[in-house]
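**Student:**
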């Protein structure tokens, strides 16, 4: 581990190793020891950056939340609404290795949040940020019930990602379900010229 | 533990204790030892019914799958489609203690299925059964794209339940999202007389 890398960057690297481990093996396999191995450090070196497993988990959940918002920022909001929503949901679905890792970590944290107040608070903040941004898109496009529609799209996206993680053979039919729901939820737009 | 209770019933009681534990504290807290305590047995007594933690988990996942199908059978399919779908989804949402426990266990298994082939196979079978039944309801009601709509309703239901588990304050607005999505996904029906 190069000494020249500063403390915030070291913490991010350890957090990223935790997210990889959660994605590959599940959150129940995460401990100071396993994260140390996954990040090429000793347990003692990890504990210089995170006092407890709990602190490390919370930091990784925040990192995962930032990634959601970064992905969201990549979607071109100049696209017609239906296409922009589809692009956004596709960034969250486990359709390749990178997105699979991302979705597995996100959903493991979401399921754990039911029993973990600090993780729940982070998830709630991320959900609110995504909902507010989506509500604005929907409102600008004249979609009825923009906030309820935003929450429906978030639920649809989480539910599809959850099922796709253990049902790779159904990816094509689950993408049809996404299209069916987006068709129903968005106002009809004239075909692109 | 009464000796008169037969082996299948003993297994069901242990499985039910595992589901309660998963709901209250998360799947990562499940072990032969903790399930033994939760079911008022010794670890040795639990191991007379399940050789390994893995066998016990798989049995509990099957039990959880049966409960989904039992709940589904309680919905009056003579109701208009929109109402029947709403009733069905409401049985899966954590809106009281009983459904909270049920949803927490179901979603913990779903998240774990991403890393666990035997749990994944059970979840896939339950999803297929629910989808097939829903597709029939939708088809009978003349809903366009019945299978894709069924998958969208399942995803919506899972996604809403996941978020409701860590966001109790948002239950009312998430129920609005459910209504918004069901309005969009179902053909318009004449108002009830």
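Protein chains in written order, with this note's numbering: chain A, 410 to 602; chain B, 410 to 602. Backbone N, C-alpha and C define an ideal beta-carbon position, used for all residues, glycine too.
1. In chain A, what lies closer than 7 Å to residue 521 of chain B by C-beta?
2. Using 10 angstroms around the beta-carbon of residue 618 of chain A, count the other beta-carbons present and answer buried if the total reaches 16, otherwise exposed.
3. Suppose only complete runs of 4+ residues qualify. What are the alpha helix (DSSP H) ranges in the region 432-490 of chain A, listed by chain order?
4. At the level of alpha carbons, what is the spacing between residue 532 of chain B and residue 492 of chain A?
5. Which residues bound the alpha helix (DSSP H) around residue 544 of chain B?
6. Around the Cβ of residue 424 of chain B, are there at least 16 other Cβ atoms within 10 angstroms (buried) or fewer (exposed)?
7. What residue range does the alpha helix (DSSP H) around residue 578 of chain A cover?
8. Flag this pair as touching only if the region 566-580 of chain A and the region 516-534 of chain B have three or more C-beta atom pairs under 8 Å; answer yes or no.
9. If you compare alpha carbons, which of B/562, B/569, B/590 is closest to residue 583 of chain A?
10. Could you tell me how far apart the beta carbons of residue 488 of chain A and residue 496 of chain A are, in whole angstroms, since I believe they sit closer than 8 Å?
11. Do you know offhand how far residue 420 of chain A's Cα is from residue 459 of chain A's?
12. Could you tell me whether the Cβ of residue 568 of chain A comes closer than 8 Å to any Cβ of chain B?
13. Apply the 10 Å Cβ neighbour rule to residue 535 of chain B and answer buried if 16 or more other Cβ atoms are within range, or exposed otherwise.
14. Strictly below 9 Å CB to CB, what residues from chain A border residue 538 of chain B?
15. Cα separation between residue 498 of chain A and residue 566 of chain A?
16. Please tell me whether residue 575 of chain A has its Cβ less than 8 Å away from any Cβ of chain B.
17. Is residue 520 of chain A helix, strand or coil by DSSP?
18. Taking 8 Å as the threshold (C-beta atoms), are residue 427 of chain B and residue 444 of chain B in contact?
19. Under 8 Å between the Cβ atoms of residue 520 of chain A and residue 520 of chain B?
20. I want to verify the contact list: residues of chain E whose CB lies under 9 Å from the CB of residue 505 of chain A, in sequence order.
21. Note down the Cα distance separating residue 476 of chain B from residue 484 of chain A, rounded to an integer number of angstroms.
22. Helix, strand or coil, according to DSSP, for residue 501 of chain B in the structure here?
23. Applying the 10 Å Cβ sphere with the 16-neighbour rule, what's the burial state of residue 555 of chain B?
24. Does DSSP put residue 567 of chain B in a helix, in a strand, or in coil?
25. Any contact between the region 456-470 of chain A and the region 541-559 of chain A? By contact I mean 3 or more CB pairs, one from each, below 8 Å.
26. Tell me, please, whether the CB atom of residue 563 of chain B is closer than 8 Å to any CB atom in chain A?
27. Do residue 429 of chain A and residue 510 of chain A count as a contact pair if the criterion is CB distance below 8 Å?
**Tutor:** The structure says:
1. Around residue 521 of chain B, the beta-carbon contacts reaching into chain A at under 7 Å are 435.
2. Since the first residue of chain A shown is 410 and the last is 602, residue 618 of chain A is not available in this structure.
3. If we require 4 residues or more, the alpha helix (DSSP H) runs fully inside the region 432-490 of chain A come out as 441-447, 452-458, 462-483.
4. Answer to the nearest angstrom: the Cα atoms are 31 Å apart.
5. 526-549 is the span of the alpha helix (DSSP H), which, as asked, contains residue 544 of chain B.
6. In the assembly as shown, residue 424 of chain B is a buried residue. Its beta-carbon has 16 or more other beta-carbons within 10 Å.
7. Bounds of any alpha helix (DSSP H) do not take in residue 578 of chain A, whose DSSP letter is neither H nor E.
8. Under the 8 Å Cβ criterion, the region 566-580 of chain A counts as touching the region 516-534 of chain B, having at least three qualifying pairs.
9. Of the candidates B/562, B/569, B/590, the one whose C-alpha sits nearest the C-alpha of residue 583 of chain A is B/562.
10. A Cβ-Cβ distance of about 7 Å is found for the pair residue 488 of chain A and residue 496 of chain A, placing them in contact under the 8 Å criterion.
11. So the alpha carbons of these two residues sit roughly 8 Å apart.
12. Yes, residue 568 of chain A lies at the interface with chain B (some Cβ there is under 8 Å from its Cβ).
13. That one is buried.
14. Neighbourhood of residue 538 of chain B in chain A, by CB distance below 9 Å: empty, with the nearest CB roughly 14 Å away.
15. Near 6 Å, if we compare the C-alpha coordinates of residue 566 of chain A and residue 498 of chain A.
16. Taking Cβ atoms only, chain B reaches closer than 8 Å to residue 575 of chain A, which makes this a yes.
17. The answer is helix: DSSP assigns residue 520 of chain A an H, G or I state.
18. In this structure, residue 444 of chain B places its C-beta atom within 8 Å of the C-beta atom of residue 427 of chain B.
19. Closer than 8 Å, so yes.
20. Given the protein chain composition of this structure (A and B), no chain E is represented.
21. CA-CA distance, residue 476 of chain B to residue 484 of chain A, rounds to 40 Å.
22. Correct three-state label for residue 501 of chain B: helix.
23. Buried: at least 16 other Cβ atoms inside 10 Å.
24. DSSP places residue 567 of chain B in helix when its eight states are reduced to three.
25. Contact check between the region 456-470 of chain A and the region 541-559 of chain A: fewer than three CB pairs, one atom from each, fall below 8 Å, which does not count as touching.
26. A Cβ of chain A is located within less than 8 Å of the beta carbon of residue 563 of chain B.
27. Closer than 8 Å, so yes.
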